[in-house]
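Colleague: The opening residue of the sequence shown carries number 115 in our numbering; numbering runs sequentially from there.
Structure provided below as structure tokens; questions to follow.
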Amino acid sequence: MKSNQLIQISGTPGQIVGIVPVQSNGTITVKLVGEMLQISSESFFGLETKEVFIPIEDVRAIETGEGCTWWLFWLGIPTLSIFIGVVFIILAFIVKQRYLTIYSSRVNVIVFHRKGEKVAQFRTGVLEARYSKSLAIAKPPMPPPPSRPFNI
């Protein structure tokens with residue numbers, strides 16, 4: 115892994131509701147520690163803490179996205195009778211949420227963030243660590259099968 119790659123990002127955790135990532139309360143930190151991803155999360159007011167370790171070879175995909183702020187949209191619908199609902203709906207499409215999702219075979223981790231360039235560096239660092247590891251343990255090519263003479 116290159117020395118200029120970022121090995122840690124922080125933000126707020128999220129979860130998938132239907133097909134939409136939704137932001138939760140608390141903080142989450144994802145670190146690249148050796149050949150493991152260390153995910154530390156703390157819920158609102160520290161009521162629940164969680165620490166997960168994912169082997170780097172278990173990372174299946176990394177997704178970065180940006181989308182609508184859905185809670186503002188759904189707050190705007192019931193308040194349409196007063197003018198403030200229109201403002202909430204317009205803000206829902208203007209204020210974007212950025213997120214990073216790490217998919218593994220057991221755990222999906224969603225981190226909502228504000229700084230896209232740091233997340234891009236982190237994503238690149240994880241992908242380099244993942245694929246340099248998989249290339250290092252790749253099997254050597256199989257020798258060709260022995261040739262047999264033709265029987266006529």
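Virtual Cβ for every residue (Gly too), placed ideally from N, Cα, C.
Given that a residue counts as buried once 16 or more other Cβ atoms are within 10 Å of its Cβ, and exposed if not, what is L214?
Modeller: For the purposes of this step, residue 214 is taken as residue 100 along the sequence shown, with counting starting at 1. The residue is buried, with at least 16 neighbouring Cβ atoms inside 10 Å.
Colleague: Using DSSP with H/G/I as helix, E/B as strand and the rest coil, what is K232?
Modeller: Residue mapping note: residue 232 aligns to position 118 of the sequence shown, counting from 1. Here K232 sits in helix by DSSP.
Colleague: Between which residues of its own chain and G125 is the CB-CB distance below 7 Å, once the five residues before and five after are set aside?
Modeller: Sequence index remark: in the sequence shown, residue 125 carries index 11 (1-based). If we look at G125 and ignore the five residues flanking it on each side, its Cβ neighbours are I142, V225, F226, H227.
Colleague: What did DSSP end up calling T183 once you bin it into helix, strand or coil?
Modeller: For the purposes of this step, residue 183 is taken as residue 69 along the sequence shown, with counting starting at 1. In this structure, T183 counts as coil in the three-state DSSP scheme.
Colleague: What does DSSP give as the partner residues of F207 in its beta bridges?
Modeller: Along the sequence shown, one-based indexing puts residue 207 at 93. Answer by DSSP bridge pairing: none, since F207 is not bridged.
Colleague: Is K210 close to chain B? Criterion is C-beta to C-beta, closer than 7 Å.
Modeller: Of the protein chains in the structure, only one exists, and it is not chain B.
Colleague: Determine contact between the stretch 174-182 and the stretch 203-220, defined as no fewer than three beta-carbon pairs at a distance below 8 Å.
Modeller: Short answer: they touch.
Colleague: For E165, tell me which candidate among T183, I130, G239, L151 has the shortest Cα-Cα distance.
Modeller: For the purposes of this step, residue 165 is taken as the residue at position 51 of the sequence shown. The candidate whose alpha carbon is nearest that of E165 is L151.
Colleague: Cβ of V144 within 7 Å of Cβ of I123?
Modeller: Position 30 of the sequence shown, counting from 1, holds the residue named residue 144. Position 9 of the sequence shown, counting from 1, holds the residue named residue 123. Yes, they are a contact pair.
Colleague: Report buried or exposed for L194, applying the criterion of at least 16 other Cβ atoms within 10 angstroms of its Cβ.
Modeller: As a working note, residue 194 is residue 80 in the sequence shown. That one is exposed.
Colleague: So F226 is in the beta strand (DSSP E); what residue range does that whole segment cover?
Modeller: Here residue 226 refers to the residue found at position 112 when the sequence shown is read from its first residue. Counting along the chain, the beta strand (DSSP E) containing F226 begins and ends at 222-227.
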